[in-house]
Structures are given as structure tokens and as C-alpha cells.
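A short worksheet on the structure shown next.
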Amino acid sequence: MSIQSHPAAAGDGEGETVEELLARVRGMVPPALGAAGAAEGFPGRWKAIAVKLERLPTCLSDLSSHPCFAKNTLCRELLQSVAGTLAEAAELAALCREPPSAGKLQTQSTIDALAGKLDLNLRDCSLLVKTGVLSDALMPPPPSAEAAATTAKSDVRELLARLQIGQTEAKNRAVDGLLDALNKDEKSVLSVLGRANVSALVQLLTATVPKVREKAATVICQLAESGSCEGLLVSEGVLPPLIRLAESGSLLGREKAVITLHRLSMSPEVAHAIAGHGGARPLIEICQTGDSISQSAAAGALKNLSAVPEVRPILADEGIVLVMVNLLDCGTVLGSKEYAADCLHNLTSSNDSFRRAVVSDGGLRSLLLYIDGPLPQESAVSALGNLVGVVSPDSIVSLDVLPRLVHVLSVGSIGAQQAAAAAICRISNSTDMKRVVGEHGCVPLLVRMLEAKSNGARDVAAQALASLASYPPNAREVRKDDKSVPCLVQLLDPSPQNTAKKYAIACLLSLAAAKRCKKLMISHGAIGYLKKLTDMDVAGARKLLERLESGKLRTMFSRK
736 MSIQSHPAAA GDGEGETVEE LLARVRGMVP PALGAAGAAE GFPGRWKAIA
786 VKLERLPTCL SDLSSHPCFA KNTLCRELLQ SVAGTLAEAA ELAALCREPP
836 SAGKLQTQST IDALAGKLDL NLRDCSLLVK TGVLSDALMP PPPSAEAAAT
886 TAKSDVRELL ARLQIGQTEA KNRAVDGLLD ALNKDEKSVL SVLGRANVSA
936 LVQLLTATVP KVREKAATVI CQLAESGSCE GLLVSEGVLP PLIRLAESGS
986 LLGREKAVIT LHRLSMSPEV AHAIAGHGGA RPLIEICQTG DSISQSAAAG
1036 ALKNLSAVPE VRPILADEGI VLVMVNLLDC GTVLGSKEYA ADCLHNLTSS
1086 NDSFRRAVVS DGGLRSLLLY IDGPLPQESA VSALGNLVGV VSPDSIVSLD
1136 VLPRLVHVLS VGSIGAQQAA AAAICRISNS TDMKRVVGEH GCVPLLVRML
1186 EAKSNGARDV AAQALASLAS YPPNAREVRK DDKSVPCLVQ LLDPSPQNTA
1236 KKYAIACLLS LAAAKRCKKL MISHGAIGYL KKLTDMDVAG ARKLLERLES
1286 GKLRTMFSRK
């Protein structure tokens, strides 16, 4: 694979040793330099070309002084490229001694192109020395498994070096080879990947040839999904070109760009940077117009962006609420609906204006329909819980919110059950709503949650029961369950890991009016727990302790 060539080069390099080719190239520099000095017209441009030609001998000396200079095909290819450029320079300079036959503008353009080739040769020569790829060009060792692995890594290093040198077509072939290497042995590629290689790939995202951009985006997507290069990609400036590719690239380019953005945005810092570079708008547009794969990845990226509080106003300005509601209704089965629910949960987690916007855009009804599925998603239930605080009790009743929450408490995952219990806490803010919640059969399901292994689930179940039990009919319902008092007493454990103790105390206070419940509390060791909690000054502990101890004293006197 040659980096570049020119038919006017003296000889084609075939049959020459690398040393002979180097000598020939060095011999071509003085004639080219003399021709550039004698050229007429565009003196400033020819003077700049002469300066570049004067730098070539030093660069060639640096290259040829490397111990492995003669053993790497890249050196031969670079020398052939330089020979072609020198021949072109001499030929063009000779033509410029007479008035241009092709027209002034075309001649000027040709001279500029020559200057660009010289810049590329100088840069490639420098990079070839710096990449370290020449050091891998040792003679092949005897065949062995270890030698084969070493040879494979050497080939990968050469491919990575080719990403940085030569013209676009050569880099295009290098990307093809790298894709093939990644598919065959991803670990070997990752083990030799360096900052300069990643930087070269990032630069190819802005190549003028669409196919090259697509292939570079495919490689970068695979590197991002490997989970070992995210920081390097971001530090080398991958975000702006990825966003532009997602905005206006080809179908494949957009898909690979948005998948990469989804992966990279898992870091809150990167999510913030994506929004800062204007990435929200193209992601939202893809959610509305993209194919199923791109739509799902874009929704996933927006979910990650919405998890950063500072980014949410930017998303609101781009109209994310309505887009996510529509996606929740009409998204594909490849994750779009799930990501939309996650996004709405994030947006409504701490801001009433977002909550009202979601309700006004029909998000409450969409969430309820989504929750009707066989396995209600935790984030959707959490989003529903966030919304119930901004809608009227009448709406909660008319929209059948409570039957959905009961369904989740019955069949949902422990996370979804926890979210449903939190929603019930928010709903139970009045006597009427406590009555309605109790009538829907929530109490036994919440009592069952007190036995959950998750501290968070026990905490929110105890909180919901404490609120509901302040309404006497609900308190009676709690008492009916034989497990309620023993479970609540267990939640009086004073250890720091137990975060439900204050809610357990509040609930037990509502139950302590019944003698049977007081006896159960005492028999399960509530007094011992409460003494420790009183010393810790936990709210309500002293009051409950006094009630239990007074009852205990009365029992003792009655027995005497």
C-alpha cells in the first residue's frame, strides 16, 4: 500500500534497496530547489515551497538514522511519495518559467496543492519517527505462538501508524485494515492503541470523503463500546465531530455517532460536555426521525443527559418533554420506551415546572398505560410518583392511578414496589386520600414489604404505613395482619444501617391504642430497642416507650 506516488518520479522504486531509493530522493532535492528558485509568477508561493524543500534533507536524515529504517515498508512508501512530490515540484516550476497556459487561477491552485503535498511529506516523515512503529519492524522470528502474537501486534501498530500518514485514500485503507483487526482480535488492538492513534481517528471523523467518516465512526464506536477508551476519546476531542456527524452525517454515520454518544454520556461530566457542545438538539431530532437503532441510542443518551441537573434547562429549551412523552407512546421495542421513562423520571425528580410540563403534555396518561405492562419499570413508577404531587386528588382517582400502584406492589420488582410505595406516601396527604388508598387494598401489600431485604424498600414501606395508619380504619387494617407488629418492632433496630426506625415508631404509636398490639410489641422486645432509641433522641421513641411501660406496670399491678 503506497502513501502517495507521482508518475514523474525518476524510477518506480522496484528493484531498488531502501538505501538506493533514499540516495535517489536526496539527489532530487537540489534540482527541485533550483527550479523553485527560478520559477516566475507567484513569487511568495514559490518562496514558501523552497523553504519546505530545504527542510526535507533534515527530515530524511532523521528517518534514515533510525536503526530499523531499512526494515519497514512504510519507509519505502514514504520515500516513493517524496520522490513523486519532488518530481512534480521540478516539473511545475519549469512550467512556471513561461506564462501559464492553463490560466492563472488553475496554476495558483496547482501550486497550492503542491505545497500541501510537501507539508504532508514533512509531517509524515516526522510522525513516522515519533510513532514508534519503526521499532516493531524487526526481522520475523522463528514460527511460534508467541512470535505470531508479536507479529500480529506489529501489524496492528503499522495500521495505526498509517492512520496518521499519507493522504485520505491511504488512511481509508488503513481504517479498513483496523476494522478487520478489531473484529478478529479486539484485545490486541486495544493493547497497542495510543493517544496519537486515537487523535488520528478523531480527525478522520471530519474527512471530506463520507465513506472515510463512516468507517472512522465505526471504529470509534467499537472502541467506545469496549469500555477501555472512553477517557482517551473524550480528551482527544471526539465529542464535537461526533455531534456534527449525528446532525448531518449519512445513515450509518449518524447511527455509529449516536451509539458512541450514548456510551460516552454514561459519565456525568461527558454528558454535561455533550450538552455544552450542542448535542441535545440532534439527539432529540433523531428520537423523532431516526430508525429504531438510532432512536434507541439517542433516547439512551438523552436519559444520561437528563440525569445531570444543570443540563435539564437546556433539554427543556429543545422541547424534550413532549418528545419523550411521544416516544413513551410510540417508541420501538429496542429500548426507546424504557429510556423515555428513565428520562421523564430524571426530569421530574426535583422540579415542579418539569412535572407540570409532563402532565400538560399528556405524560401522566402515557406513564399509566406503560405501567399497565406485565413488568412495570421502576423508573416509570418513580416518574408517576413524581407527578402525583402536582395533580388533584380527583384526577388521581379518575385516572385510576391507585389500581396501577396496587398492581405494581403485587407483581413489580422490588425497585418498582419501592417506587410505588413512595408514590403512595405522596398521595396520602389528606384524610380523604388515606381513606381511598386504604380502600384499594394497599395496606397488606405494604406490610409484606416490611420484610424486604432492601433497606430502602423497608424504609419507604414503613413511611407509607406510618402515614396511612394515622387514619383509624387503616390502623385497624394494619393490626389485622399478624406480621405487621413483629416486622415494625424489628425496624426499631438502632443500627445506622436501619433508616426506617423513625417511621416504625410513628406507625407503632398509631397501633399502640390496642392492648393486643402493645403486648405484641413488648413480647417482641420493643422496650429494649426504644430505650436505646430514646438515648439516641430519635423522634417519638420516648413517647412510645412511656406508653408501653405504663401498660406494662398496669398489667403487673392487676396481676398482684
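All residue numbers for the sequence shown refer to the working numbering, where the first residue is 736 and numbers rise by one. Each residue gets a CB set at the ideal place from its N, CA and C atoms; glycine is no exception. Just so it is clear, the structure is predicted and the values come from calculations on it, not from any experiment.
Here ASN1086 carries a coil assignment [DSSP, helix/strand/coil]. Contact annotation: VAL1136 and ALA1158 have beta-carbon atoms nearer than 9 Å. In this structure, DSSP gives VAL1043 a state outside helix and strand, which the three-state scheme calls coil. Judged by DSSP in its simplified three-state form, ASP1064 adopts helix.
Ranked by Cα distance from LYS1236, the options GLU1186, LEU1268, LYS946 and LYS950 are led by LEU1268.
Within 10 angstroms of the beta-carbon of LYS1188 lie fewer than 16 other beta-carbons, which makes it exposed. Counting only residues of its own chain and dropping the five nearest sequence neighbours on each side, GLU1284 has a CB closer than 7 Å to the CB of ILE1262. As for any beta strand (DSSP E) of minimum length 3 sitting wholly inside the segment 794–862, there is none.
Secondary structure at SER1027: helix, using DSSP grouped into helix, strand and coil. DSSP places PRO1231 outside both helix and strand once states are collapsed to three, so it counts as coil. Look at PRO1207 here: in three-state DSSP terms it is helix. A Cβ-Cβ separation of about 12 Å leaves ALA1151 out of contact with PRO1109 under the 8 Å criterion. Within the same chain, Cβ atoms closer than 6 Å to the Cβ of ALA825 are found at PRO766, ALA767 and ALA770, the five residues on either side in sequence being excluded.
Taking one beta carbon from each stretch, the segment 1041–1048 and the segment 1021–1031 have fewer than 3 pairs nearer than 8 Å; the two do not touch.
When C-alpha distances from ALA1115 are compared across TYR1074, ASP1096, VAL1146 and ASN1086, the shortest belongs to TYR1074.
With a minimum length of 3 residues, there is no unbroken run of beta strand (DSSP E) contained wholly in the segment 753–786. By the criterion of at least three beta-carbon pairs nearer than 8 Å, the segment 901–917 is in contact with the segment 928–943. Separation of the CB atoms of ALA959 and LEU913 is rounded to 15 Å, and the pair is thereby denied contact status at 8 Å. Contact between the segment 1172–1192 and the segment 1125–1135 is absent: fewer than three C-beta pairs spanning the two stretches fall below 8 Å. In this structure, the beta-carbon distance from LEU1119 to ALA1092 does not fall below 9 Å. Taking all protein chains in view, the Cβ of ARG832 is surrounded by fewer than 16 other Cβ atoms within 10 Å, so the residue is classified as exposed.
For CYS1222, the enclosing alpha helix (DSSP H) covers residues 1219–1225. DSSP places ALA959 within a helical segment (H, G or I) once states are collapsed to three. DSSP, reduced to helix, strand and coil, places SER1148 outside both helices and strands of the structure shown, so it counts as coil. Nearest to HIS1142 by alpha-carbon distance, out of MET1168, ASP1129, ARG759 and GLU1113, is GLU1113. Check the Cα spacing between LYS1169 and each of ARG1277, ALA829, ALA1241 and PRO1208: the tightest is with PRO1208.
In the three-state reduction of the DSSP assignment, HIS1175 falls in the coil class. Here DSSP, grouped into helix, strand and coil, assigns CYS964 to coil. In terms of Cα proximity to ARG790, the closest of GLY750, ALA850, GLY776 and GLU823 is ALA850.
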